[in-house]
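Peer 1:
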Amino acid sequence: MKTKLQLIVIGVAMLAGTTNAQQVQIDSLDSNGELTWTAPSGSVCSVEWTDDLVPSADWRQDWGELKNISCTNDTQTAQVPMFFRVTCWTNGLFWNVETGNRATLSATNAFGQCWTQNVEVVGTLEVPALPYNSYLLSKTENIYDELNPPVDISGNSLVRYRRSTDTAVLEVADFEREYIIYTNAPIGTTWAYEDYNGNTWSATIETNETISVPAGTFSCQRYRKTLVGSMHPKPWIDIWFEPKGGVRKVHFYLLSNPAAAPSVYELLSTE
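Positions -21 to -1, 1 to 250 (mature numbering (1 follows the signal peptide of the UniProt record, and there is no 0)) are the ones given, in order, by the sequence shown.
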């Protein structure tokens, strides 16, 4: 598969790959700033840049340090892109999400209330000075009748920071630590993590299960996530996650009325 990308700054193309990748062939970088490379079909690639071709070169995917430069005198200097490479993940990410991806889910609860939830990747976040500094931003929006708001609904504009490898999906808290929220592991695998709100969860892969939702039929891993230390009689959330596809169904039990049936979210569509 041959890919072209327009580059603003002209540099020297290099061969590069991740430890889990096949070699990426750089075909050309012309005077109009168009970089062309050949990579396996279905792979996930990133263009990286550096200012110096030393063995310890810092290859970067963002331009954050070149924005909003404070000028303290008449002459300024900055390390700018001079060399480019393409890194290519050929094993497939566990959840390959890109800016603009959206999942729409239908939601119902035990009180007969219905609403829609949109989860959209709205952009990236680059904070070069922090340990975990490059993440996708995911926004959750609940759409419902404001005269009859659903019971126990979460707030809109919930933004999280995600990345994926070929075996796991991770979130970051305070840009200082990251934790696994989904992982491709054997049935029965259990792990614990503290989320970005400081809550401790225990997660277990319970089974592999094929489910049908309005968007279609999917082969999923079913996770149970339990809120550690909660006094709720059913302190858990069941999630059906399709590897490489994302969340397909959720049963949310952590309701103010512990006797109520769970709120149910099912995938309507993706785009």
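No residue lacks a Cβ here, since even glycine has one placed at the ideal position from N, Cα and C.
How should P165 be labelled, buried or exposed, when 16 other C-beta atoms within 10 angstroms of its C-beta is the threshold for buried?
Peer 2: It counts as exposed.
Peer 1: Need the endpoints of the beta strand (DSSP E) that L8 sits in, please.
Peer 2: That run of the beta strand (DSSP E) goes 4 to 8.
Peer 1: Provide the residue(s) that pair with S117 in DSSP beta bridges, ordered along the chain.
Peer 2: According to DSSP, S117 bridges with V100, R139.
Peer 1: Can you list, in chain order, the residues of its chain whose CB lies under 8 Å from that of I190, leaving out five sequence neighbours each side?
Peer 2: T196, F197, C199, W219, R227, K228.
Peer 1: Taking the alpha carbon of E245 as the point to measure from, which residue in D9, N88, P34 has its own alpha carbon closest?
Peer 2: Minimum Cα distance to E245 is reached at N88.
Peer 1: Counting Cβ pairs, one atom from each stretch, are 3 or more of them under 8 Å apart for the stretch 65 to 76 and the stretch 6 to 22?
Peer 2: The stretch 65 to 76 vs the stretch 6 to 22: in contact.
Peer 1: Can you check which of these residues, L233, L14, T249, is closest to I132 by C-alpha distance?
Peer 2: Measuring from the Cα of I132, the nearest candidate turns out to be L233.
Peer 1: DSSP three-state call for G43: helix, strand or coil?
Peer 2: Helix at G43.
Peer 1: Quick one: Cα of P237 to Cα of S209, how far?
Peer 2: Using only the alpha carbons, I get a separation of about 12 Å.
Peer 1: Please name the residue, chosen from D9, A36, L109, C24, that lies closest to E157 on a Cα-to-Cα basis.
Peer 2: Looking at the Cα atoms, L109 is the closest of the given residues.
Peer 1: Starting from N70, trace the beta strand (DSSP E) both ways and give me its first and last residue.
Peer 2: First-last for N70: undefined, no H or E at that position.
Peer 1: Helix, strand or coil for T144 per DSSP?
Peer 2: Here T144 sits in coil by DSSP.
Peer 1: Looking only at C-alpha atoms, which of E221, F231, R201 sits nearest to W215?
Peer 2: Nearest option by C-alpha distance: F231.
Peer 1: Quick check on the burial criterion: 16 or more other C-beta atoms within 10 angstroms. Buried or exposed for E150?
Peer 2: Answer is buried; the Cβ neighbour count reaches 16.
Peer 1: Can you give the Cα-Cα distance for K46 and V243, rounded to whole angstroms?
Peer 2: K46 and V243: Cα-Cα distance of roughly 44 Å.
Peer 1: Which same chain residues end up closer than 8 Å to N187 when comparing Cβ atoms and leaving out the 5 residues on each side of it in sequence?
Peer 2: The residues are I166, S198, C199, Q200, R201.
Peer 1: Who are the Cβ neighbours of W74 in its own chain at under 6 Å, not counting the five residues just before and after it?
Peer 2: For W74, where only same-chain residues beyond five positions count, the Cβ hits under 6 Å are S143, V148, G225.
Peer 1: Sort out for me which residues DSSP pairs S209 with in a bridge.
Peer 2: According to DSSP, which records beta bridges pairwise, S209 is partnered with nothing at all.
Peer 1: Just to check my reading of the structure: S113 and R139 have Cβ atoms closer than 8 Å, yes? What is that Cβ distance to the nearest angstrom?
Peer 2: About 14 Å separates the two Cβ atoms, so there is no contact after all.
Peer 1: Could you tell me whether the Cβ atoms of V100 and T78 are closer together than 8 Å?
Peer 2: Yes, the pair counts as a contact, with Cβ atoms nearer than the cut-off.
Peer 1: Can you tell me the Cα-Cα spacing of Q55 and W42, whole angstroms?
Peer 2: Their backbone Cα atoms lie some 17 Å apart in a straight line.
Peer 1: Quick check on the DSSP output: the beta strand (DSSP E) that includes T87 runs from which residue to which?
Peer 2: 81 to 87 is the span of the beta strand (DSSP E), which, as asked, contains T87.
Peer 1: What's the call for Q58, buried or exposed, on a 16-neighbour Cβ count within 10 Å?
Peer 2: Its Cβ having fewer than 16 others within 10 Å, Q58 is exposed.
Peer 1: Between the Cα of D6 and the Cα atoms of A171, L72, L32, F63, which residue gives the shortest distance?
Peer 2: Minimum Cα distance to D6 is reached at F63.
Peer 1: Can the beta-carbon of V23 be found closer than 8 Å to that of L72?
Peer 2: In contact: V23 and L72 (Cβ atoms closer than 8 Å).
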